[in-house]
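Reading through the structure tokens given below for one structure.
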Amino acid sequence: MYHPSFNIGIEEEYQVIDPQSRELLGYVTQSMANEQMVVRERNPDAELAQRFSDAVINAGTPVCVDIKDAREKLLRMRHDVLTLVQANDFKVAAAGTHPFSHWENRPTILPGYRAVLDDAQMIARRILCFGLRVHIGVEDRELAVDVMNTMRYVLPHILCLATSSPFWVGRNTGLKSYRNVLLDSLPRTGIPGFFNSYQEYRAYVDTLIRTNSMPDASQVRYDIIPHYRFPTLVVRICDMLPDLRDTLAITALIQATVAWMVDLRQRNQQFRIYERLLIAENKWRAVRYGLSGTLLDFGIEQALPTPTLIRELLERVQPFARKLNSEDELAHAETILQRGSSADQQLHIWHTNGQAMQPVVDFLVAETEKIG
Amino acid sequence: MIPRPSLSIGIEEEYQIVDPETRAMRSFITQFIDDGKVIMIEREIKPELHASMVEMGTPICRTVGEALDELVKQRSFIARLAREKEVAVVAAATHPFSRWLDQPITPLPRYIGVLEEMQALAQRLLIFGMHVHIGIEDRTFAIDAMNVVRYMLPHILALSTSSPFWTGRRTGLKSYRSVVFEDFPRSGIPDICRTAADYDNLVGTLQRCGVIPDASKIWWDVRPHHKYPTLEFRICDICTRIDEAIAIAAIFQALVLWLWKLRRQNVTFRVYRRDLIEENRWRASRYGLDGKMIDFGKTQEVPTRQLVRELLELIGEEIAELGTEAYIKPVENMLNHGTSADRQLRVYASTDGDLKAVVDHLIAETKMGLDL
Numbered sequence: 243m244y245h246p247s248f249n250i251g252i253e254e255e256y257q258v259i260d261p262q263s264r265e266l267l268g269y270v271t272q273s274m275a276n277e278q279m280v281v282r283e284r285n286p287d288a289e290l291a292q293r294f295s296d297a298v299i300n301a302g303t304p305v306c307v308d309i310k311d312a313r314e315k316l317l318r319m320r321h322d323v324l325t326l327v328q329a330n331d332f333k334v335a336a337a338g339t340h341p342f343s344h345w346e347n348r349p350t351i352l353p354g355y356r357a358v359l360d361d362a363q364m365i366a367r368r369i370l371c372f373g374l375r376v377h378i379g380v381e382d383r384e385l386a387v388d389v390m391n392t393m394r395y396v397l398p399h400i401l402c403l404a405t406s407s408p409f410w411v412g413r414n415t416g417l418k419s420y421r422n423v424l425l426d427s428l429p430r431t432g433i434p435g436f437f438n439s440y441q442e443y444r445a446y447v448d449t450l451i452r453t454n455s456m457p458d459a460s461q462v463r464y465d466i467i468p469h470y471r472f473p474t475l476v477v478r479i480c481d482m483l484p485d486l487r488d489t490l491a492i493t494a495l496i497q498a499t500v501a502w503m504v505d506l507r508q509r510n511q512q513f514r515i516y517e518r519l520l521i522a523e524n525k526w527r528a529v530r531y532g533l534s535g536t537l538l539d540f541g542i543e544q545a546l547p548t549p550t551l552i553r554e555l556l557e558r559v560q561p562f563a564r565k566l567n568s569e570d571e572l573a574h575a576e577t578i579l580q581r582g583s584s585a586d587q588q589l590h591i592w593h594t595n596g597q598a599m600q601p602v603v604d605f606l607v608a609e610t611e612k613i614g
Numbered sequence: 083m084i085p086r087p088s089l090s091i092g093i094e095e096e097y098q099i100v101d102p103e104t105r106a107m108r109s110f111i112t113q114f115i116d117d118g119k120v121i122m123i124e125r126e127i128k129p130e131l132h133a134s135m136v137e138m139g140t141p142i143c144r145t146v147g148e149a150l151d152e153l154v155k156q157r158s159f160i161a162r163l164a165r166e167k168e169v170a171v172v173a174a175a176t177h178p179f180s181r182w183l184d185q186p187i188t189p190l191p192r193y194i195g196v197l198e199e200m201q202a203l204a205q206r207l208l209i210f211g212m213h214v215h216i217g218i219e220d221r222t223f224a225i226d227a228m229n230v231v232r233y234m235l236p237h238i239l240a241l242s243t244s245s246p247f248w249t250g251r252r253t254g255l256k257s258y259r260s261v262v263f264e265d266f267p268r269s270g271i272p273d274i275c276r277t278a279a280d281y282d283n284l285v286g287t288l289q290r291c292g293v294i295p296d297a298s299k300i301w302w303d304v305r306p307h308h309k310y311p312t313l314e315f316r317i318c319d320i321c322t323r324i325d326e327a328i329a330i331a332a333i334f335q336a337l338v339l340w341l342w343k344l345r346r347q348n349v350t351f352r353v354y355r356r357d358l359i360e361e362n363r364w365r366a367s368r369y370g371l372d373g374k375m376i377d378f379g380k381t382q383e384v385p386t387r388q389l390v391r392e393l394l395e396l397i398g399e400e401i402a403e404l405g406t407e408a409y410i411k412p413v414e415n416m417l418n419h420g421t422s423a424d425r426q427l428r429v430y431a432s433t434d435g436d437l438k439a440v441v442d443h444l445i446a447e448t449k450m451g452l453d454l
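Protein sequence lines correspond, in order, to chains U and Y. The opening residue of the first sequence carries number 243 in our numbering; numbering runs sequentially from there. The opening residue of the second sequence carries number 83 in our numbering; numbering runs sequentially from there.
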């Protein structure tokens, strides 16, 4: 019998914004691996480099026993980041992309992506985007791969609630999560294929390491994967979200879905496995239309309005949210459905302000600062 | 018994139309559109999404020799037509500097529909490929061959690479086209379909869900054609030189014959996971012939040139049987002196980064061997 902890770990990345020009100056990134947050500058000429030169926030242990604990830690983390950045007269925004800053002007490269850059050249330079990574403790590795296989199906549904990158280098892309398009150009991204066992997954990863395709297992970046070091399953499909309540609702949804998959397993049942191609079709719809389109229900082979399918998912994971004490946080998902995702909100602001990008940045900053 | 495939050949190519003065892409197809339809001229030219792009296809050819004659006729026709209209034809998978944002869209309803559905991604699709059809009348064998031949696609992509530039920058890749196309759903290396029924199920599901009207919207690197009894190889960048295009078509033909013979001996080439083959595909896009690819049998990196030579040896008997040695000769030259991408990069380096000189070089190479 499996008894996963369902512990929670949340990794976030924040944009540092120039209060006058609203340009992206740098970003704050966090890594569960070193329990620290590090400020990276976008342009070495900016004063930012000096001011933040040794600005490292100690984020403390990232492991949270439940969503209440995660809420505390996330609040503290965002508070610390805001304090640090505001003390230097800058602003903070949390979103999948910056609405208008140009990647071409970016002289420095995301450090985590330096190895990627050598290998991926121009594609890596395109990637100036920010994601939310949610870790759920599933200690048994075989079980983690089992949940990964089955849970792939609902990742597009979850993404629809967590889109925040409709703009790119000053243009309305027509998509709700352009960040996912940017990332999926890299190798080993997107919806993963099916793996029969953890052993098979390891064999795949080991083959790539042995053949120098990547330096280590951290370079596998599928939308869901067993973490290479921690005993967790990581979901990395979501855009960074400005509204903290959105982040917690998404986290609660992911955690409850994992619990649901494990429960099915314990009762000798399994969520049906569909081909990667079919799930990718839904992912495309999520990227393109977010909450305002349809998703395919492959059980009944019909396209249904996305909110209908998400409400169905929420209903099915509800009993698990109750057990995990996350009902309140999960309930906010209904608010997102009615209000629209961050991408919808940004598009609304853009339309009502004569298609100007600066008000969108101001909106993102205001949303991110609302943590009181 | 599985009947011997006819191994007929058909080649489709997508050409760029450029202005000989500015060397930028120029709208062309609109001159042949009247009243929402393309006016019939002596040969069929198919419009594409971008008005500066045309697609043409050869008739069904029984032999590689015939295919060469037809391709010469086809390229000569479009080159003469272009000359009449005072423009020039370029066969390369990307234009060195023209920007996709600036390109007018072909004013036909179906393209306006594509643009609406795919948004910014469709506009980015300013890329040019070569599709080679090989006649396989037995559908069961066609699917079997598709599964197995996936393994060799990256090797052949490496030979065809012709898109090192994108919107005026050196991308660091040899085939930027193959990365741009991966933004689209249903693209890239196919997943394993064990049987024709598996494939039909997949397509059927997508059709019943209303995602695609028919299998023509499956854009994999290799696919059974939805109408013709052919296996369609779509992985290649368009080759600038006609002799190189024909060499690649001849390799595809010999490969299919080789697979058919193996099949009759109850042997199959090993079928690997899509994720692994994607790794080689990435290496082909990135390094062309200059890199290494993984030999998954040995789980070892091997220089790509050596693997291509091994591949030619593997199908040597079939090449001899088909009498196509002479047509495959240019491959040796490519292995020694590089692909179109390498030659473009050399022109770029020797002219101090003059992209107009690269376009002039492409115009000249595209004309080689034509009847003008």
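Virtual Cβ for every residue (Gly too), placed ideally from N, Cα, C.
Which of helix, strand or coil DSSP assigns to residue i
i	result
Ala362 of chain U	Caution applies to Ala362 of chain U, whose pLDDT of 48 falls short of 50 and renders its modelled position unreliable; the value that the coordinates give is listed next. Three-state DSSP puts Ala362 of chain U in a helix.
Phe540 of chain U	coil
Asp485 of chain U	coil
Ala357 of chain U	Low confidence applies to Ala357 of chain U: its pLDDT is 42, below 50, so where it sits in the model is not reliable enough to give any reading.
Ser244 of chain Y	coil
Ala106 of chain Y	coil
Val171 of chain Y	strand
Gln580 of chain U	helix
Thr594 of chain U	helix
Ser407 of chain U	strand
Asp273 of chain Y	coil
Met495 of chain Y	The structure shown has nothing for residue 495 of chain Y, since chain Y only spans 83 to 454.
Asp325 of chain Y	helix
Cut-off 6 Å between Cβ atoms - residues of its own chain near residue i, not counting five sequence neighbours on either side
i	result
Trp340 of chain Y	Ile397 and Glu400
Glu569 of chain U	Ala563
Ser298 of chain Y	His308
Thr594 of chain U	none
Gly250 of chain Y	Phe179
Tyr258 of chain Y	Thr176, Ser245 and Trp248
Beta carbon proximity, residue i to chain Y, threshold 8 Å
i	result
Asn454 of chain U	yes
Tyr440 of chain U	no
Phe248 of chain U	no
Ser427 of chain U	yes
Leu370 of chain U	no
Sub-8 Å separation of residue i and residue j beta-carbons
i	j	result
Thr322 of chain Y	Thr176 of chain Y	no
Phe266 of chain Y	Arg345 of chain Y	no
Val214 of chain Y	Ile91 of chain Y	yes
Lys418 of chain U	Ala545 of chain U	no
Thr287 of chain Y	Glu543 of chain U	yes
Glu96 of chain Y	Gly139 of chain Y	no
Ala173 of chain Y	Ile99 of chain Y	no
Arg413 of chain U	Ala202 of chain Y	yes
Leu239 of chain Y	Ile317 of chain Y	yes
Ile479 of chain U	Leu401 of chain U	yes
Leu313 of chain Y	Val338 of chain Y	yes
Met416 of chain Y	Pro236 of chain Y	no
Residue-chain proximity (residue i, chain U), Cβ-Cβ < 8 Å
i	result
Arg356 of chain Y	yes
Ile376 of chain Y	yes
Arg316 of chain Y	no
Glu96 of chain Y	no
Leu239 of chain Y	no
Val196 of chain Y	no
Leu284 of chain Y	yes
Nearest candidate by alpha-carbon position, reference residue i, set the options
i	options	result
Asp458 of chain U	U:Thr449, U:Val307 and U:Ile542	U:Thr449
Ser583 of chain U	U:Lys333, U:Met482 and U:Glu442	U:Met482
Phe436 of chain U	U:Thr415, U:Val411 and U:Ile466	U:Ile466
Lys525 of chain U	U:Arg509, U:Leu403, U:Val411 and U:Glu611	U:Leu403
Sequence-distant residues of the same chain with beta carbon closer than 8 Å to residue i, five excluded per side
i	result
Asp453 of chain Y	Val154, Lys155 and Ser158
Ile187 of chain Y	Leu131, His132, Ala133, Tyr193, Ile194, Leu197 and Gln205
Leu572 of chain U	Ala491, Ala494, Leu495, Ala498, Leu556, Val559, Gln560 and Ala563
Residue i at chain B interface by Cβ criterion, 8 Å
i	result
Trp182 of chain Y	Reference to chain B is not applicable here, since the protein chains of this structure are U and Y.
Spatial neighbours of residue i in its chain, beta-carbon cut-off 7 Å, leaving aside the 5 residues before and after
i	result
Ile320 of chain Y	Glu95, Glu96, Ala173, Ala174, Ala175, Phe210, Gly211, Met212 and Ser244
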